[in-house]
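J.: Residue numbers (UniProt numbering): 1 to 349. Using N, Cα and C, we set each Cβ at its ideal position, and we do this for glycine too. The structure follows.
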Amino acid sequence: RAAGRAPPLSPSLSLHRGLFLSLSLETLQPLGARGVDGMSRGARVCDGGGDAPTLRDWLAAGPYTLALSSSFFGFYSHAGSLAALEEVGLTPAAITGSSAGALAGAAWAAGLDARDGMRDFMLRTRREDAMRPFWRRPCAGLMKLNVGPLESALPVLELERTRVPCRVSVFDVLSLRTRVVTSGAIAPAVAASCAVPLLFAPTVLDGRPCFDGGLGDCDAFAGCVPGERVLSIQHENKAHVAIDADASRPAGEPAQRPASVRPLTLVDRLMRTLLSQHEPPKDTVVLTLSGLPFVAPDRMCLGERAMDEATSATRAALDMRIARPGVGGVPATAGHIHVACAPAPSAPR
C-alpha cells in the first residue's frame, strides 16, 4: 500500500489478525461532516443490518476494558481517542496498553484527563526532555528513555493507585515472552513498554531487561481478562505529512517516512511475525483508525494534529454501527469499525 492512503476497497471478507472478519464496502462512505480544521472524513461501515448496535450503544451497555495498541509515537492519537470518550462520559472500567498505548493508557488511568492534562503533558514534552543519548552501550540502543517528565506529570506514581485497573504489556528479553505489569511504579513500566529495539536501550524491571510491549502483544490483549468486554483501538496506514523540514524536497515529491525510522520498522515487523500475538476475549470490538499523521522523534510537531484527528475520528465512530458478521465459524461477538482520515495535503512550497 502507498504510504498514507489505503487502496480502494472491494467487497470481500477480510481476515483481521486471523480472528475478526469484516465485510468491506466498495468505497469509503463520506460522513457528511467536516473534522477538526475542516478535514473531511470517510468510514468503512459494515453492519449487516439495521439492528446492529452503534459503538455508543455498545459502550453504554456495561463496563468495558479499553485496549490501546502499540503504534509508533501513537500516544498522541490514543490521547485524542480518550478525549472523545471522555466527552460523552463513556470512559473505560479498566485499561490495557502496549508501547504507545501503555503511555497514553497509564497517564489517563493515573488521573490525567485527556482533554487538558494529557494534552498539556504530551505537547510540552520535547524530544530532548524524554530521550537521552546512551553512547556507553550503543549496541543496546541509541537512546535512553528519561522517565522524569512522565513522573512529574502523573497525579499518582504506582499502578496500585490508579483510578481504574491499568495493565502494561512489556516484552521480557530473557524469556522472550510478554509480561503484563499490574503493580509497582508506573513510569519504569511505561518506559519498558515503549523501548523500541535499536532506538532505545532496554528498561530493567525486577532485574530483567524488557523491550517494547508491541513485540509480543501489539494489540494489548495480553492484559485482558476472559469475560471482559473489550474496545480495542488500533492504528494503520499512517499518512506521511510534510513539515517545514521537508521544504528542501523537489516540488511535488511527497513527504516520506524518515530514513532513520525505516530500519526500525523492518525490525519491528520481523519480530512481530516471528513472535506469537495474543488473542482477544470473545466480546471485543475493534476500532481501526487509518490515515492519521505519522509522528516520529523528528516529527513531534505533528502530535497535536494527530491528537485532534483521532478525537474527530473517534467521535464519528461512536454513531457507526458495529460490523458483527458471525460467519465462517468466527464468533458473532467480534465487531469491527474502521474510520479513515482524509489524506493529508503536502506542505505549501
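Pick helix, strand or coil for residue 352, following the three-state DSSP scheme.
T.: Nothing about residue 352 can be reported from this structure: the residues present for the chain run from 1 to 349 only.
J.: Say whether chain D places a C-beta atom closer than 8 Å to the C-beta of R56.
T.: Here there is only one protein chain, and chain D is not present.
J.: For A57, report the span of its alpha helix (DSSP H) as first-last.
T.: Inspection of the sequence shows that residue 57 is occupied by Asp rather than by Ala. Taken as a continuous stretch (DSSP letters only), the alpha helix (DSSP H) holding D57 covers 55-60.
J.: Quick check on the DSSP output: the beta strand (DSSP E) that includes E236 runs from which residue to which?
T.: Element bounds for E236: 230-236.
J.: Could you check which residue in V180, A109, G111, T311 has the C-alpha nearest to that of L205?
T.: L205 has its Cα closest to that of V180, out of V180, A109, G111, T311.
J.: So for T65, helix, strand or coil by DSSP?
T.: Looking at T65 - three-state DSSP - the assignment turns out to be strand.
J.: Is it right to say L176 is buried, meaning 16 or more other beta carbons lie within 10 angstroms of its own, or is it exposed?
T.: Flag for L176 reads exposed.
J.: Could you tell me whether the stretch 158-176 touches the stretch 113-124, using the rule of 3 or more Cβ pairs below 8 Å?
T.: The answer is no - the stretch 113-124 does not touch the stretch 158-176, with fewer than three Cβ pairs under 8 Å.
J.: What separation, rounded to the nearest whole angstrom, lies between the Cα atoms of C46 and S193?
T.: Caution is warranted here: a pLDDT of 40 is assigned to C46, below 50, making its placement in the model unreliable, and the coordinate value is therefore given only provisionally. C46 and S193: Cα-Cα distance of roughly 34 Å.
J.: Which whole-angstrom value is the C-beta distance of A84 and T311, which I expect to be below 8 Å?
T.: The Cβ separation is near 5 Å, so the contact holds.
J.: Going by the CB atoms, is the gap between G105 and L68 shorter than 8 Å?
T.: It is a contact, given that the beta carbons lie within the stated cut-off.
J.: Using the Cα positions of P202 and D51, report the straight-line distance between them to the nearest angstrom.
T.: When rounded, the distance between both Cα atoms is 48 Å.
J.: For S77 versus A317, is the C-beta distance shorter than 8 Å?
T.: Not a contact, by the Cβ cut-off of 8 Å.
J.: Could you tell me which residues DSSP puts in a beta bridge with L289?
T.: Answer is H235, V339, bridged to L289.
J.: Using the rule of at least 16 other Cβ atoms within 10 Å of the residue's Cβ for burial, across every protein chain shown, is E158 buried or exposed?
T.: Its Cβ having fewer than 16 others within 10 Å, E158 is exposed.
J.: Can you tell me where the alpha helix (DSSP H) holding residue 364 begins and where it ends?
T.: With the chain running from 1 to 349 in the structure shown, residue 364 is simply not present.
J.: Mapping the DSSP letters down to three states, classify G214 as helix, strand or coil.
T.: DSSP places G214 in helix when its eight states are reduced to three.
J.: Compare the Cα-Cα distances from E160 to each of A110, R115, G207 and report the closest residue.
T.: Nearest of A110, R115, G207 to E160, Cα basis: A110.
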